[in-house]
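Protein chains in written order, with our numbering: chain A, 1 to 196; chain B, 1001 to 1959; chain C, 2001 to 2064. Even for Gly, the Cβ is constructed at its ideal location relative to N, Cα and C. Bear in mind the structure is a predicted one, so any value in this text is a computation, not a measurement. Comments concern the structure below.
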Amino acid sequence: MARMKFLCDAERCIECQACVTACKNEHEVPWGVNRRRVIVMNDGRPGEKSISVACMHCTDAPCAAVCPVDCFYTTADGIVLHDKDLCIGCGYCFYACPFGAPQYPQQTAFGVRGKMDKCTFCAGGPEPVHSQEELTKYGTNRVEEGKLPLCAEMCATKALIAGDGNVIADIYRKRVMTRGGRPQTWGWQAAYGDDI
Amino acid sequence: MKLTKKKAAGAGAAAPGLLGKALTRRAFLQGSGLAVGGAAVAGMLPTSMMKKAKAARRIDPDQEIREVLTVCGHCSVGCSTIAEVQNGIWVGQEPALDSPINLGAHCAKGAALRNHGHSTRRVKYPMKKVGGRWERISWEQAIDEIGDKILHIRDESGPDSLWFAGSSKANNEGAYLQRKLAAFWGSNNCDHQARICHSTTVAGVANTWGYGAQTNSYNDILKSKCIVMCGSNAAEAHPVAMQMILRAKENGSHMVVMDPRFTRTAAHADTYVRFRSGTDVALIFGMLYHIFENEWEDKEYLEQRVFGMDRVREEVKKWTPDEVERVTGASEEAVYEVARIMAENRPGTFVWCMGGTQHTIGNNYVRAYNCLQLALGNIGVEGGGANIFRGHDNVQGATDVGPNPDNLPGYYPLSEGGWQHWARVWDVDYEWLAERFDQEEYDDGQNGKIKPMNSGGITVSRWIDGVLEDKENIAQRDNIRAVMMWGHAPNSQTRLPEMKEAMEKLDLLVVIDPYPTVSAVLHERTDDTYLLPAATQFEQAGSVTASNRSLQWRFQVIEPLYEHKPDKDIAYLFAEKFGFADEMFKNIEVVNKQPTSESILREINRGTWSIGYTGQSPERLKEHMENQRTFNVASLKAEGGPVDGEIYCLPWPTYGTPEFKHPGTHVLYDTSKHVLDGGGNFRANFGTEYEGENLLAEGSYSKGAEIQDGYPEFDSELLKQLGWWDDLTEEEKAEADGKSWTTDLSGGIIRVAMERGCHPFGNAKARAYVWNFPDPIPLHREPLYTPRYDLVEDYPTYEDRKVFYRLPTRYASVQATDYSDDFPLIHTSGRLVEYEGGGEETRSNPWLAELKQDMFVEINPADANDADVRNGQMVWLEGPEGGRIRIKALVTERVGRGTVFTPFHFGGRFQGEDLLERYPEGASPYVRGESNNTATTYGYDSVTMMQETKTTLCRVTPA
Amino acid sequence: MMPKKIALSAIAALSLGLLAGCGDVTLYEPGVYKGSGDETASEEAAERRADALRDRAQAAHTDR
Ligand code: SF4
Ligand code: SF4
Ligand code: SF4
């Protein structure tokens, strides 16, 4: 069974933000909500590295474990999704998530949190496939069309890759071999455990 | 273009039950007309955006979706993308995985393109200012009023009183018509972005070895063993180029970045060298010093293919490691190390961008880079080259065939010969054309007189002086009185306070653009100011020339929104109003006052022999686009398929007629290939000898050439001398007699020369010594505003010039004052990945605008402490000519001590004031900020009038 | 075939029904998904698209 994963290659990421705007474009994510972000370490100094981060679709997702209304589920190929009709915007998942993926749009002028929004691996949500409801609440469903996350498909340098864990590990391994360097699989251990 | 439906993966093989179920459910939901999403969407929005909230787009999964292959409109990499269109609405964007240029990849801008399909922050219909307020008018009224006003000004002040900026964002067809419009109007007063981007490159490389363009390609970098980037921040300016660069690096190529700023590109380099902004000649000659000292130069190559390197060698001797360090700040070890890396890793490529061009001696920088690459034998080889990354998506094309003040399409000169050639192509009487121009003669700046038809027009960097300068000092009949900014941001030009004054002095200001741009708001004009909505790139079809010289066909995605019109249609309307549409469009197909792109390109094909824009018929280009997947990524050559053996999108030169089937040229001047296979050599454009020295190549020639030595360029006489005349057909003979390869409209001379394995432009040496330039050997000269005034005595700038591109131009008189005490910091500028150019279009795209909401200045911690400035604080940045901007401080080691950096994409604020209310309603960009060019200063390149934006001075104080 | 969590919740629902039959007892099963079903979350759906997604990963992410 295929297991969907993300991998961001810090040696290739150039902080160009294509992954971020591709996501905005694909799902029309509103201003202020970012399903994906680019994190920079050592900004402006030697050793500067960047990494693109969104929900990593963890095995045994910590967000799901803490959700008081149990709105998370995992697809058979490992994509962590949630039901916005159930979500109460409590914010627990944000604290549980090692990657800071969950986002809470402000709902009112008084700052009450809205329903949580996060990366769906471009796989929609618990609404009929390609329905207007799915599109409006969760965004498009590329996975069901046989396509991968747009953020990864449009990455400027193919730093961000997504798909069946075996395939992307292979692609990445080849790269590391050519480079002759140390692998930089940022976040893999935290997300998927030791079994990479 | 193809039609698809949203479908499930593997639908063909899938169990119909499952799919069937999905369809029924969808049908049910449609039937029940639910709008469940509404509340949820509103819930997702921050309050600030509530009012702007629109429901997510609708995509009907059961209706057909049209897939249109198009090309990104934001930079010269030329990334393809697939637009999904349903019912005329651009509903989705998919990666073009088949494109050999980007393999589906984009940067932030390219991945946000779909916003162009529904952006609302535009000029929606023609408008004019009446008593200080914007009013809507019709296109008819607009063209009528503007036309009458311009014609009236022409009556009073002659044709040169109109100046207009055309556009590097127009496609080749639009840009070509802009140049043709100026020609038929009777003036050379038109220009575009190339002037302030790579004009020094174009002039520098063309005068060195032949053509003013990138010699290799982004893809070819895959073959480089060493990549040196100087004044190029590709990670932000050409992000998808980094795909190839990083792949090359992974394959063992050594990546070097030399830049005053530790850029995001530098973060990936194996070796980074920081040096003082404005000292590239010293740095490069410092490297050449070690190369000559260690005899690393390619002696055979220099003997066979390069003229004048011995003269350069004399100058290089002066650049001892100590002197290099004194001037540039780079240590002997660092400079030696880069020289060694380049010497040991050949072929190596040298990349430069604005950091190397935007200087008062930009042409010297460019030629210093050229000398370095020539010394190492790196030009004309795969994996080598001068990889000049151009800026805008079609700046190369607009330079080749567009609105240039100093030449005609194809770089034909403004001399009578050049005009005669185009008059023949256009099928108009040369005398008639000549009479359209002002017939007086003016100072040519070289103790002679010249007619405006033959003298270079006023450049985009200086149009403000054409307005403000005393009439007596300008080498044309009157000041510029009317200006059209046709696809050009004003805030990318220096000296904005003076520009404001110039705009206010004009009789007429017309802005033609999808967006209002800073031109609509910088000034306080109340009348005689017009906004005309031009269509975006995605609302018209045409060819665009990427940096690597490939002409991609950009298919039209959607119909123009609102009342927008493509550039070519606007050109037609003006020509009609001015009364020469019949002549100008004589051989161009016009349907409903809309010239067709295909027929315009065919006219370009018929005339542009000099640079091989002749083989790229619309049919061939479209066929290449449709077969993208057949091209090899490293060689860009099709392997099998219908265009087997041709290079992707026929990079110019693609010599001869389309039927001649030249495959296009991937790597310029490459002698290892036959000319019919894209091979070549350096161009013979400067005679056959200079001061008794032979300028033709010696013992070097392209593969299979029948003349196995240097030879001059071809004309009918040479063919006769060689006994090749009878290779021509009778028709060709009739046309070719008395013509050269560039003016023979039959293409026969080119055909015969190439079939004999010879290059039509001859086979000569590259010139390391360019005797027709102010500094034949590139020299270091201190910037006009230098922080090192102590060096001015040794490295002074030029004398002032009385007439240069029709205007007095100051050098020494500016440098005469030492500003470095009051303005101690170097002010340099550049790009951000999220925005482009003047930035109005990208700042009007919410997906991009959200990512960079503040204008800022990068300042080193030490300088920040000296100025008592904290990170994130508002500061005043002030230039020595008085312009000042109120912006945020970003304290970072990215810039060295003594240098600050600002991005140039912001606009909509001016010296602390918000200009929001001057925008037409609903057309202001999401993000506004101070333009850095409010604080930049005077200074222009001595060959091309390039503005100095990379090295000036400033001071920073808390606001 | 249903994904594990949904399958579990079905069992839970089933046992809830059984218990309910015995009297007025409410049962809350923590950690079990409570939302609406997603037809694309199932093993079948995942299997159906797996090949296409593998091909797509090769096409989109390898350095051609
Ligand atoms: S698109 Fe790729 S290179 Fe650019 S920021 Fe995202 S992960 Fe990094
Ligand atoms: S996978 Fe899709 S939803 Fe997630 S960050 Fe990427 S584009 Fe956004
Ligand atoms: S701006 Fe340039 S690099 Fe970015 S997507 Fe467009 S063409 Fe590609």
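Residues bridged to residue i (per DSSP)
i         : result
Glu1135/B : Lys1128/B
Ile1750/B : Looking at the DSSP assignment, Ile1750/B forms no beta bridge with any residue, so it has no partner.
Tyr1442/B : Ile1450/B
Asn1763/B : Tyr1711/B
Trp1553/B : Ser1543/B
Cys1226/B : His1254/B and Gly1348/B
Asn141/A  : Ala123/A
Tyr1272/B : Val1257/B
Residue i to residue j span [Cα, whole Å]
i         : j         : result
Arg1026/B : Arg2064/C : Since pLDDT at Arg1026/B reaches only 28, below the 50 mark, its modelled position is unreliable, and the value read off the structure follows with that caveat. For Arg1026/B and Arg2064/C, the distance between alpha carbons rounds to 38 Å.
Phe1028/B : Gly125/A  : At Phe1028/B, the pLDDT of 25 sits below 50, so the modelled position is not reliable and the matter cannot be decided from this model.
Asp1863/B : Asp1822/B : 14 Å
Gly47/A   : Arg175/A  : 20 Å
Gly1286/B : Ala1269/B : 21 Å
Leu1573/B : Ala1142/B : 10 Å
Ile1101/B : Ser1080/B : 8 Å
Gln1556/B : Gly89/A   : 43 Å
Tyr2033/C : Thr59/A   : 15 Å
Lys1166/B : Arg1179/B : Strictly speaking, residue 1166/B in this sequence is Gly, with Lys absent from that position. Distance between the alpha carbons of Gly1166/B and Arg1179/B is about 8 Å.
Gly1212/B : Asp83/A   : 58 Å
Val1327/B : Leu1779/B : 13 Å
Asp9/A    : Leu1069/B : 29 Å
Ala18/A   : Ala156/A  : 7 Å
Glu1948/B : Leu1784/B : 9 Å
Glu1064/B : Thr1545/B : 32 Å
Ala1960/B : Asn1681/B : Residue 1960/B lies beyond the stretch modelled for chain B, which goes from 1001 to 1959, so this question has no answer here.
Gly1031/B : Arg1058/B : Low confidence applies here, because Gly1031/B scores a pLDDT of 24, under 50, leaving its location unreliable; read the following figure in that light. The alpha-carbon atoms of Gly1031/B and Arg1058/B are separated by roughly 15 Å.
Ser1716/B : Tyr1272/B : 52 Å
Leu86/A   : Lys137/A  : 12 Å
Arg2054/C : Asn1404/B : 50 Å
C-beta atoms of residue i and residue j nearer than 7 Å
i         : j         : result
Pro1061/B : His57/A   : no
Gly1158/B : Arg1477/B : yes
Cys1230/B : Trp1352/B : yes
Phe1906/B : Met1855/B : yes
Val1324/B : Ala1282/B : yes
Arg1897/B : Arg1909/B : no
Thr1215/B : Gly1362/B : no
Asn1845/B : Ala1083/B : no
### Query
Is there contact here, the region 1568-1587 of chain B with the region 1251-1262 of chain B, by at least three beta-carbon pairs under 8 Å?
With the rule of 3 Cβ pairs closer than 8 Å, the region 1568-1587 of chain B does not count as touching the region 1251-1262 of chain B.
### Query
If contact means a Cβ-Cβ distance below 7 Å, which residues of the region 1843-1871 of chain B contact chain A?
Residues passing the 7 Å Cβ filter: Pro1846, Trp1847, Leu1848, Glu1850 and Leu1851.
### Query
Which residues, in order along the region 13-28 of chain A, keep a beta-carbon less than 9 Å from a beta-carbon of chain B?
Within the region 13-28 of chain A, contact with chain B at the beta-carbon level (separation under 9 Å) is assigned to Ile14, Glu15, Cys16, Gln17, Ala18, Cys19, Val20, Thr21, Ala22, Cys23, Lys24, Asn25, Glu26, His27 and Glu28.
### Query
Per the contact definition of three or more C-beta pairs closer than 8 Å, is the region 1233-1246 of chain B in contact with the region 1829-1837 of chain B?
Yes, they touch.
### Message
I'd like to know if the region 1138-1148 of chain B and the region 1513-1526 of chain B are in contact, where contact means that at least 3 CB-CB pairs between them fall below 8 Å.
### Response
Segment contact: the region 1138-1148 of chain B against the region 1513-1526 of chain B, fewer than three CB-CB distances shorter than 8 Å; contact not assigned.
### Inter-stretch contact (C-beta, 8 Å, three-pair minimum) for the region 134-142 of chain A and the region 112-123 of chain A
Between the region 134-142 of chain A and the region 112-123 of chain A, the count of C-beta pairs closer than 8 Å reaches three or more; the two stretches touch.
### Message
Three Cβ pairs or more, each shorter than 8 Å: is that satisfied between the region 1635-1653 of chain B and the region 1733-1751 of chain B?
### Response
No: fewer than three Cβ pairs fall under 8 Å.
### Query
Any contact of the region 1707-1718 of chain B with the region 1616-1626 of chain B, i.e. 3+ C-beta pairs under 8 Å?
At 8 Å Cβ cutoff, the stretches do not touch.
### Task
Would you be able to state if there are at least three C-beta pairs under 8 Å between the region 1913-1929 of chain B and the region 1480-1488 of chain B?
No contact exists between the region 1480-1488 of chain B and the region 1913-1929 of chain B.
### Message
Is it the case that the region 1310-1326 of chain B contacts the region 1761-1775 of chain B, given that we only count it when at least three CB pairs across the two stretches are under 8 Å?
### Response
Note that the region 1761-1775 of chain B touches the region 1310-1326 of chain B; at least 3 beta-carbon pairs, one per stretch, sit closer than 8 Å.
### Task
Evaluate contact between the region 1517-1535 of chain B and the region 1085-1094 of chain B, counting only Cβ atoms and requiring at least three cross-stretch pairs below 8 Å.
Segments in contact, no.
### Task
Using a Cβ-Cβ cut-off of less than 9 Å, give me the residues of the region 1245-1261 of chain B that come near chain C, in sequence order.
Per Cβ criterion, the list reads Arg1247 and Glu1250.
### Query
Taking a cut of 8 Å between CB atoms, which residues from the region 117-147 of chain A lie near chain C?
Residues of the region 117-147 of chain A that bring their beta carbon within less than 8 Å of a beta carbon in chain C comprise Ala123, Gly124, Gly125, Pro126, Glu127, Pro128, Val129, Asn141, Val143, Glu144, Gly146 and Lys147, in sequence order.
### Query
How do the region 1840-1852 of chain B and the region 1869-1884 of chain B stand: do at least 3 beta-carbon pairs fall below 8 Å, yes or no?
Contact fails: fewer than three Cβ-Cβ distances are below 8 Å.
### Message
By the 9 Å beta-carbon criterion, what residues does the region 1646-1665 of chain B contribute toward chain C?
### Response
Listed in sequence order: no entries.
### Query
Using a beta-carbon distance cut-off of less than 7 Å, what residues from the region 149-171 of chain A approach chain B?
Answer set for the region 149-171 of chain A: Glu153, Met154, Cys155, Ala156, Thr157 and Lys158.
### Query
Just by C-beta distance, which residues in the region 1100-1115 of chain B are closer than 9 Å to chain A?
When C-beta distances to chain A are compared with 9 Å, the residues of the region 1100-1115 of chain B below that value are Asn1102, Leu1103, Gly1104, Ala1105, His1106, Cys1107, Ala1108, Lys1109, Gly1110, Ala1111, Ala1112, Leu1113, Arg1114 and Asn1115, in chain order.
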